[in-house]
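Numbering (our numbering), first residue to last: 6 to 223.
Beta carbons are placed, not taken as given, at the ideal position from N, Cα and C, and that holds for glycine.
Model, not experiment: these values are computed from the prediction.
This is how it looks when you write it as structure tokens:
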């Protein structure tokens, strides 16, 4: 059926999402046995699982994000994979629950920031986050680029979203015209702000290297 669009580990299973032949299909391995996608007879809870991300439109899966639950992002919808008691997923309890209808950019993978997923919207473009909320018992998000939408509209972006963890939490976007767009993102403090940084040349991609600042010692 072709190679999967995205691969993730979640719930001690290996997950494959979206192939060329079946762009809405998700398959997960047996529990703790990542190369085994078989099923017993009779079926047991640790067997492999599969499900389709069906909605009003046929939207291909473009990304999966492991958070409190597994989020499945398509070009038109965002889904949450559900399970049974204690959210344990098995062949008899797996389900898909739609969370929103914005759609994710197929060329820019989402980024996990703390307890949230940040994605570039397929149409816009706009930057959105998704985080679990107790009152909904699901995922809800906001457009975090709304105050800097002029920095995103009409431009193409590189292949990924980068994240500075310290000294400030900043999301970085590589704009194709050579401008670096940052969004200071601290949702727990209600701090979100966009800023741009001029550079020379054109951007394809960038990364943030982990490290700690030098500190004076004895």
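With DSSP as the reference, identify every bridge partner of residue i, one or two as the case may be.
i	result
residue 202	185
residue 167	177
residue 63	None; residue 63 has no bridge partner.
residue 103	84
residue 116	123
residue 30	57
residue 148	133
residue 49	None; residue 49 has no bridge partner.
residue 18	15
When you compare each of the options to residue i by their alpha carbons, which one comes out closest?
i	options	result
residue 107	92, 188 and 125	125
residue 139	130, 156, 128 and 120	120
residue 3	96, 29, 75 and 27	This structure gives no information on residue 3, because the portion of the chain shown stretches from 6 to 223.
residue 195	202, 174 and 179	174
residue 31	81, 44 and 59	59
Give the secondary structure of residue i by DSSP, where H, G and I count as helix, E and B as strand, and everything else as coil.
i	result
residue 122	strand
residue 91	helix
residue 13	strand
residue 192	helix
residue 214	coil
residue 153	helix
Round the Cβ separation of residue i and residue j to the nearest angstrom and send it over; I've been treating them as touching at under 8 Å.
i	j	result
residue 94	residue 54	6 Å
residue 131	residue 68	Contact doesn't hold; Cβ gap of about 16 Å is too wide.
residue 101	residue 144	13 Å between Cβ atoms; not a contact.
residue 52	residue 35	6 Å
residue 111	residue 122	In fact, because the Cβ distance is near 16 Å, the residues do not count as touching under 8 Å.
For this session: Report yes or no: do the region 12 to 21 and the region 70 to 80 share at least 3 C-beta pairs separated by less than 8 Å?
Result: Contact between the region 12 to 21 and the region 70 to 80 is present, because at least three Cβ pairs lie under 8 Å.
Exercise. Are at least three pairs of beta-carbons, each pair with one atom in the region 202 to 221 and one in the region 151 to 160, less than 8 Å apart?
Worked result: no
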